[in-house]
Amino acid sequence: MSKLILTINPEVIRQARAYAASQQLSLSKLVENYLKSLPLEPGQNELKLTSTTAELAGIIDEKELDNIDSYTDHLREKY
């Protein structure tokens, strides 16, 4: 393991620690997981997706997004 010194706003650190604790992670592990999620190549914007997520990505037609709001309203009224 290597050490890294960062300068971060104390409030951001407080919030990050609280979030890490709620996820049962250390702050170091939380930062490590975030850094691992970054693209390997500069300019590469694609997220790493599991095979299932990759298969599902893009299957909803953008025209259907308008229907999602009305369906959400319907569910709110129903339940």
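The numbering of the sequence shown is this note's numbering, which starts it at 539 and goes up by one.
Using N, Cα and C, we set each Cβ at its ideal position, and we do this for glycine too.
- Residues of the same chain with their beta carbon placed closer than 6 Å to that of Ser575 are lacking, with the five preceding and five following residues left out of the count.
- If you draw a straight line from the Cα of Ala559 to the Cα of Met539, it comes to about 21 Å.
- Straight across, the Cα-Cα distance linking Glu579 with Arg614 is about 43 Å.
- Rounded to the nearest whole angstrom, the CA to CA distance from Gln562 to Pro577 is 25 Å.
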